[in-house]
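So the structure is just underneath, and the comments pick up after that.
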Amino acid sequence: MPILKLSYKHLSSEMKQCFAFCAVFPKDHEMEKEMLIQLWMANGFIQTGTLDLKQKGELIFDELVWRSFLQDKKESTNFHINGFSCKMHDLMHDLAKSVTDECASIEELTQQKALLKDVCHMHISKAELKQINWLCKGRTCLRTLLAPTNSHKDFKELLHISVSLRALHFRPYSIALCKSINAKHLRFLDLSGSSIISLPDSICALYNLQTLRLLRCYMLHQLPENMARLRKLINLYLFGCDSLRSMAPNFGVLNNLQILTTFVVDTGEGLGIEQLKDLQHLSNRLELLNLNKIKSGENAKEANLTQKQNVSELLFSWDQEIDDGPKDMACNVEEVLQCLEPHSNIQKLEISGYGGLEISQWMRKPQMFDCLRELKISNCPRCKSIPVVWLSESLEVLFLQRMDNLTTLCTNLSVEAGGRITTLQIFPRLKKLLLLELPNLEMWAENCVGEPTVSLVMFPMLQELTIRNCPTLASIPVIPVVSELKIVGVHSTAVNLVLMSICLGSWPFLISLTVGYGEDMPMLPLDAHQSHGERPLEKLKYLYLEGCNSLVRSSELSRSQLMVWKCFQLVESLTISGCWDLFHWPTEGLRSLYCLRSLCIRYCHYLEGNTSSSEEETLPLCLEELMISGCRNVVALPSNLGKLAKLRSLSLFDCTCLKALPDGMCGLSSLRKLEIWNCPGMEEFPHGLLERLPGLEDLTIYDCPELLRRC
Numbered sequence: 001m002p003i004l005k006l007s008y009k010h011l012s013s014e015m016k017q018c019f020a021f022c023a024v025f026p027k028d029h030e031m032e033k034e035m036l037i038q039l040w041m042a043n044g045f046i047q048t049g050t051l052d053l054k055q056k057g058e059l060i061f062d063e064l065v066w067r068s069f070l071q072d073k074k075e076s077t078n079f080h081i082n083g084f085s086c087k088m089h090d091l092m093h094d095l096a097k098s099v100t101d102e103c104a105s106i107e108e109l110t111q112q113k114a115l116l117k118d119v120c121h122m123h124i125s126k127a128e129l130k131q132i133n134w135l136c137k138g139r140t141c142l143r144t145l146l147a148p149t150n151s152h153k154d155f156k157e158l159l160h161i162s163v164s165l166r167a168l169h170f171r172p173y174s175i176a177l178c179k180s181i182n183a184k185h186l187r188f189l190d191l192s193g194s195s196i197i198s199l200p201d202s203i204c205a206l207y208n209l210q211t212l213r214l215l216r217c218y219m220l221h222q223l224p225e226n227m228a229r230l231r232k233l234i235n236l237y238l239f240g241c242d243s244l245r246s247m248a249p250n251f252g253v254l255n256n257l258q259i260l261t262t263f264v265v266d267t268g269e270g271l272g273i274e275q276l277k278d279l280q281h282l283s284n285r286l287e288l289l290n291l292n293k294i295k296s297g298e299n300a301k302e303a304n305l306t307q308k309q310n311v312s313e314l315l316f317s318w319d320q321e322i323d324d325g326p327k328d329m330a331c332n333v334e335e336v337l338q339c340l341e342p343h344s345n346i347q348k349l350e351i352s353g354y355g356g357l358e359i360s361q362w363m364r365k366p367q368m369f370d371c372l373r374e375l376k377i378s379n380c381p382r383c384k385s386i387p388v389v390w391l392s393e394s395l396e397v398l399f400l401q402r403m404d405n406l407t408t409l410c411t412n413l414s415v416e417a418g419g420r421i422t423t424l425q426i427f428p429r430l431k432k433l434l435l436l437e438l439p440n441l442e443m444w445a446e447n448c449v450g451e452p453t454v455s456l457v458m459f460p461m462l463q464e465l466t467i468r469n470c471p472t473l474a475s476i477p478v479i480p481v482v483s484e485l486k487i488v489g490v491h492s493t494a495v496n497l498v499l500m501s502i503c504l505g506s507w508p509f510l511i512s513l514t515v516g517y518g519e520d521m522p523m524l525p526l527d528a529h530q531s532h533g534e535r536p537l538e539k540l541k542y543l544y545l546e547g548c549n550s551l552v553r554s555s556e557l558s559r560s561q562l563m564v565w566k567c568f569q570l571v572e573s574l575t576i577s578g579c580w581d582l583f584h585w586p587t588e589g590l591r592s593l594y595c596l597r598s599l600c601i602r603y604c605h606y607l608e609g610n611t612s613s614s615e616e617e618t619l620p621l622c623l624e625e626l627m628i629s630g631c632r633n634v635v636a637l638p639s640n641l642g643k644l645a646k647l648r649s650l651s652l653f654d655c656t657c658l659k660a661l662p663d664g665m666c667g668l669s670s671l672r673k674l675e676i677w678n679c680p681g682m683e684e685f686p687h688g689l690l691e692r693l694p695g696l697e698d699l700t701i702y703d704c705p706e707l708l709r710r711c
């Protein structure tokens with residue numbers, strides 16, 4: 001501790017205060033960087049200078065991390081907030097507690113038999129709420145009160161006496177509790193996760209408020225009418241306020257805002273998109289909702305997005321079809337999107353509910369996407385194309401969903417150079433590609449005359465590929481670097497070709513495979529089959545088989561199907577889901593999985609299980625976890641279940657026809673966890689079973705009335 005205190009003495013006065021404040025959090029607490037800086041600002045620990053308070057707070061945070069006063073800094077996403085989090089080593093937490101007596105928890109106050117009068121910063125856990133009434137004796141100098149759990153009924157009294165508060169985090173159960181806030185100097189207010197429908201107008205009297213966090217307030221319908229009075233507001237978080245109908249009137253006067261996560265467009269006076277015009281300091285992520293209520297393209301242009309250079313992420317969302325709205329709102333959506341053109345340094349762009357036929361002109365400029373890392377387009381059924389991002393050197397994530405008119409991923413790939421046509425590699429930096437519910441997608445790419453081409457589609461850095469419910473897509477390029485592959489609801493020809501290429505070793509880095517298709521795969525060419533030598537995929541560990549699947553069937557498997565299973569020999573985890581043509585345990589396939597540790601069979605509604613005592617061994621003896629879920633016709637579990645000496649966990653959910661566990665269960669010498677949920681047909685365990693499982697640590701029986709009664 002003396003050595004640590006010596007390091008502390010070499011900090012600046014600002015850093016000393018900021019570090020000591022961290023003692024308010026419990027040990028091993030994960031601190032969000034943005035929130036921590038906002039709490040420092042609220043308490044006046046950061047002084048103004050050449051940098052603004054937020055920039056200076058970031059420098060202090062990074063310095064404390066660099067000096068190891070804070071540790072485990074990592075990127076995190078908390079409800080669309082991309083940022084960093086960190087923790088504090090226990091010894092550093094002890095150091096912080098030793099250099100300040102201003103931070104305490106109720107537990108510490110109870111142990112010391114002390115009151116709140118000498119405490120400036122306090123954290124309250126759920127278990128401590130019942131002790132609030134004892135603490136509320138006289139006025140306090142409390143400046144920070146963090147109670148992120150549901151507020152106790154006695155919390156109102158604590159709020160009433162805490163007039164000196166600078167920062168408050170709590171979860172009110174009603175608007176009445178919000179009205180109890182009477183701290184005129186409050187600068188930080190976090191009501192995230194509360195069930196309030198509206199905020200009281202008294203919030204608008206908090207003239208010094210810098211940060212207002214309303215994350216996950218799902219029932220919040222409206223903001224206070226006079227919110228424009230909060231002229232010092234810098235940060236307003238509205239992620240997850242799904243019921244919010246509009247912003248407060250004349251919202252545009254809050255020109256100090258730097259963080260505005262969500263803007264809901266409305267048609268009333270002072271509620272339109274033009275309110276964004278003078279908010280020039282906005283940064284990070286901005287979500288624009290209800291764009292169908294924008295009156296015209298000229299009106300959209302007033303948002304002045306091109307000048308908001310610090311906004312790095314944009315979401316454009318039309319919440320309803322244009323034809324469903326009033327006639328005077330049925331504006332040209334293509335014109336609106338064109339006039340919402342942002343600056344060219346956008347890093348993440350999302351478009352949802354767009355009703356236009358064509359993408360905007362600004363989306364046809366390759367220079368618009370020099371910095372773009374992520375593009376998501378969803379629920380745009382009429383749109384025929386996507387932005388020109390296939391040549392982007394920065395794009396890492398592409399997500400396309402419910403674009404009914406999209407037939408080709410990339411168009412007009414050939415470019416003229418030097419008097420001849422040359423070709424360019426597409427998606428050079430893409431790491432994650434998701435194609436979901438694209439019913440007419442047929443081609444990956446086409447040249448300038450509309451001819452399909454696959455040779456250019458190389459994806460040199462792609463790690464994750466998901467293609468789901470694209471029934472007309474008949475080809476999938478071989479991408480050797482992919483580690484996670486999901487293909488479900490795609491044309492059977494494409495799936496079969498992918499499976500053959502997998503068995504021939506063309507996907508050597510594959511770790512996780514999800515596949516679902518209905519038709520039998522064709523027989524592999526004999527010479528290819530022999531040259532491969534049935535070598536198993538060394539890296540493949542996770543296998544998911546979805547829907548009607550010819551790899552999982554009750555009848556005898558073909559040679560090609562057995563060969564595929566032999567390629568899966570080293571798989572450790574297998575999930576079979578929603579296979580409606582499976583009637584018996586897939587014995588042939590399971591017999592090939594020598595390394596299987598975890599098996600999950602779920603929602604196979606016609607699976608009955610083995611009914612004959614002469615059935616061969618079904619489950620691999622190396623199995624450690626077994627889950628049967630939602631298989632309501634299962635009448636018997638695999639016959640060799642009792643021989644699984646390595647099985648540690650057995651879970652049975654919603655198996656309503658299952659009447660008993662098989663005999664021989666006493667052989668499960670390693671069983672630690674047994675769960676049985678909603679299996680009303682089960683009446684009793686095999687005689688003496690529980691007494692013969694001495695290692696059983698966790699037994700859960702739920703909604704099995706007769707079994708519970710007998711136990």
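If you count the sequence shown from 1, position 372 lands on 372 in full-length UniProt numbering, and the numbers rise without skipping. For each residue, glycine too, the CB sits at the ideal point set by N, CA and C.
Check the Cα spacing between Tyr237 and each of Leu191, Ala636 and Ser475: the tightest is with Leu191. According to DSSP, Trp677 shares a beta bridge with Phe653 and Tyr702.
In this structure, the beta-carbon distance from Lys384 to Leu357 falls below 8 Å. Residue pairing by DSSP places Ser317 opposite Ser352 in a beta bridge.
Along the length of the stretch 364 to 389, whole alpha helix (DSSP H) runs at least 4 residues long do not occur.
Secondary structure note for His491: it is in no beta strand (DSSP E), with a DSSP letter that is neither H nor E. CA-CA distance, Gln361 to Ile386, rounds to 11 Å. Residue pairing by DSSP puts Asp190 in a beta bridge opposite His169 and Arg213.
For Asp62, the uninterrupted alpha helix (DSSP H) run begins and ends at Leu53 to Trp66, by DSSP. For His121, no alpha helix (DSSP H) segment is defined; the enclosing uninterrupted segment is the beta strand (DSSP E) at His121 to His123. For Ala248, the closest alpha carbon among the candidates Asn290, Glu350 and Leu223 is that of Leu223. In the DSSP annotation of this structure, the continuous segment of the beta strand (DSSP E) that includes Cys86 starts and ends at Ile81 to Lys87. Comparing alpha carbon positions, the residue from Asp90, Thr50, Pro381 and Arg468 closest to Leu433 is Arg468. Shown here, Cys18 sits in a helix according to DSSP, grouped into three states. Cβ contact annotation for Lys293 (same chain, cutoff 7 Å, sequence separation greater than five): Val265, Asp266, Thr267 and Met329, in chain order.
Distances from the CA of Ile676 to each of Leu661, Leu545 and Gly688 were compared; the closest alpha carbon is that of Leu661. Residues of the same chain with a CB within less than 6 Å of the CB of Lys673, apart from the 5 flanking positions on each side, are Ser649 and Asp698 in chain order. Exposure of His687 is indicated by the presence of fewer than 16 other C-beta atoms within 10 angstroms of its C-beta. In the structure shown, Leu545 adopts extended strand secondary structure according to DSSP, grouped into three states. Val634 carries a coil assignment under DSSP once its states are collapsed to helix, strand and coil. Annotation: the continuous alpha helix (DSSP H) that includes Tyr8 extends over Pro2 to Lys9. The bridge partners DSSP lists for Ala445 are Cys410. In the three-state reduction of the DSSP assignment, Ser598 falls in the strand class.
Taking the Cα of Asp370 as reference, the smallest distance to any Cα among Glu14, Ser125, Asn235 and Ser392 is reached at Ser392.
Here Tyr594 is exposed. Its C-beta has fewer than 16 other C-beta atoms within 10 Å. In the assembly as shown, Ile197 is an exposed residue. Its beta-carbon has fewer than 16 other beta-carbons within 10 Å. In the three-state reduction of the DSSP assignment, Met92 falls in the helix class. The continuous alpha helix (DSSP H) containing Ile175 extends over residues Ile175 to Cys178.
When C-alpha distances from Glu546 are compared across Ser68, Ile576 and Thr262, the shortest belongs to Ile576.
CA-CA distance, Phe25 to Ile628, rounds to 42 Å. The bridge partners DSSP lists for Val311 are Asn284. Between the stretch 279 to 287 and the stretch 300 to 311 there are three or more inter-stretch CB-CB distances shorter than 8 Å, so the stretches are counted as touching. Proximity of the stretch 11 to 18 to the stretch 181 to 195 falls short of the contact definition, fewer than three beta-carbon pairs being nearer than 8 Å. Of the candidates Phe685, Pro460 and Phe84, the residue whose Cα lies closest to the Cα of Arg429 is Pro460. When secondary structure is reduced to three states using DSSP, Ala300 falls in the helix class. With a 10 Å radius around the Cβ and a threshold of 16 neighbouring Cβ atoms, Leu6 comes out exposed.
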